[in-house]
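Okay, so the sequence shown: first residue is 1071 according to our numbering, each after it adds one.
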Amino acid sequence: MNAPALSERDMVVLRHYAAEGNRELYWSYLAQLPGNDGYGRPRAGRVAPMPLARTLAALAATLIAACSSPPPTATPPVATAADPCPFWPPDSMAPEATSSFHLGPHRFCVQQRLFHNLIRPMRHSVGIALNWPTLEPLPPDLDEDADQDTFLSTLDIQMSYLENLTDEEARVLPLRWVQPLRPNHPEDRKRPDDNLDLRIKGDPFHGLTSYYADLPAIRRYYQDIDGFDTTAGLPDAQNDWFVDMDEHGIPRTVLKCSVAAVPDGVRLVNGRLAHDPSVFRRATCTHSFLLREYKADVYITYQRIIAPDWKRIETRVRAILANGEMR
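Following this line, the structure appears as C-alpha cells:
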C-alpha cells in the first residue's frame, strides 16, 4: 500500500516532538495518520508491530534521531496569503500562537491557548476554555487543574456543528432542551421534571424566565413508579431551569442549575471564585445556546454562583467566533 503524503503541518508537529524528545506524543501522532493502525509501536504480547508504511518508517527513524541532538531554535510561523492562520506545534502557548478549526463549512483562526487541555479540535466540534471573570484564555504557565480556585474559575465550552440536521431541524433543536425525550407521549408528558409547563414559573432571573423544579410533585410522581425510597425528588437530583424564548416559543438560551437548596460550595473573594472548604457540595449550571449563523450548538459548564453573568459569557463566545472566522 502506498504511504500517505505528510503535510507541512504534520512535519512541523513531528519535528517539534522529536526535538523535545517526547517519544510518546511523537509515536501517538504518527500512528493516527491515515493508513496506520492507531498504535504505531508494538503492543505487549505481539510478535511484531503492524507495519508502518516504509516512507513513514524512514521518516520516523530520521526524526527520532533528533532526540539526542540539542533542540533547534524555534522559528515562529508567519501568516501568508496562502495560509493566513499559521500552524504552531500543538503545545505552544505563546500569546501569538494560532490554530484553526472548522464548524462545518466555516473555518476559524483563534489563539491556540483557547483550546481545552491542548486537545486538537475534532471534526465538526471543538472545546475551548475561558477563565472567569476575565473570560480570557488561561495564562500560558497555568493549567486549569493547577489548584481548586483555577479549576472553579474555568469555563468548559463545547461547540458542535449539527451536521446531521437540516436547517429547520437545527432551528427547532433547542425545544429538545426543555421537553421530555418523547414530547408527544402521554406518559412522558406527565413527568414534572421534564416538562416546562409542569414546573413552577417564577420571577425573571437576570433576563431569563425561571422554571423551578417542583420537588414535592417530582417525588410523588417517582414514588408511584420506583417506590417510597426513590431519590428523584431530592435537591441534588434536580435542576431549576432559566430560559430565554424567542417570539416563536423556541429557546434561545437555556440554563439548568442546581436547585437553591444545594449550597454554592464556592465564595466570591475580591471578585474571584474561591473554594469553600466548609461545604462538600457544589452547585453548578449547564448553559446551552444555538449559533444559528453557523448551524452549531454550544454547551458550557460552570459554577452556579456566576450564572448572573450568562449574557456576557454568551456574548464572549460569539465574539471569539465572529472575530476568528476566515471568510
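The beta-carbon is built from N, C-alpha and C at its ideal position, and this holds for glycine as well.
Since this is a predicted model, take the numbers as computed values, not measurements.
Lys1326 counts as buried, since no fewer than 16 other beta carbons sit within 10 angstroms of its beta carbon.
Membership of Gly1174 in any beta strand (DSSP E) is not indicated, and neither H nor E is assigned to it by DSSP. Judged by their CB atoms, Ala1199 and Leu1208 are nearer to each other than the 8 Å cut-off.
In the three-state reduction of the DSSP assignment, Trp1311 falls in the strand class. DSSP lists Gln1228 and Ser1358 as the bridge partner or partners of Tyr1369. Annotation for Val1324: Pro1244, Trp1247, Val1248, Trp1311, Val1313 and Ser1358 place their beta carbon closer than 7 Å to its own, counting only its chain and skipping 5 residues before and after. Annotated three-state conformation of Asn1234 is coil, per DSSP.
The stretch 1271-1299 is shown to contain whole alpha helix (DSSP H) runs of 4 or more residues at 1285-1296, in chain order.
Contact annotation: Asp1306 and Val1332 have beta-carbon atoms nearer than 8 Å.
Straight across, the Cα-Cα distance linking Asn1265 with Leu1285 is about 13 Å. DSSP places Gly1341 in the coil class of the three-state scheme, outside both helix and strand. Rounded to the nearest angstrom, the Cβ distance from Ile1390 to Val1180 is 6 Å, consistent with a contact under 8 Å.
With distances taken between CA atoms, Leu1235 lies nearest to Tyr1364 out of Arg1388, Pro1378, Tyr1364 and Val1387. Here DSSP, grouped into helix, strand and coil, assigns Asn1254 to coil.
With a cutoff of 8 Å on beta-carbon distance, Leu1232 and Leu1343 are scored as not near each other. Minimum Cα-Cα distance from Asp1219 among the listed residues Leu1360, Gly1341 and Thr1356 corresponds to Gly1341. Per DSSP, the continuous alpha helix (DSSP H) segment holding Ser1223 begins and ends at Gln1218 to Ser1223. Boundaries cannot be given for Ala1302, as no alpha helix (DSSP H) includes it and DSSP labels it neither H nor E. A residue is called buried when at least 16 other Cβ atoms come within 10 angstroms of its Cβ; Met1192 does not meet this threshold and is exposed.
Restricting attention to Gly1303, Ile1375 and Glu1238, the CA atom closest to the CA of Leu1338 is found in Ile1375. Ile1295 and Arg1177 have their C-alpha atoms spaced approximately 49 Å apart. For Thr1323, the enclosing beta strand (DSSP E) begins and ends at Pro1321 to Ser1328. With respect to Thr1354, Thr1371 sits close: the two C-beta atoms are nearer than 8 Å.
In summary, Ala1392 is exposed, with fewer than 16 beta-carbon neighbours lying within 10 Å of its beta-carbon over all protein chains present.
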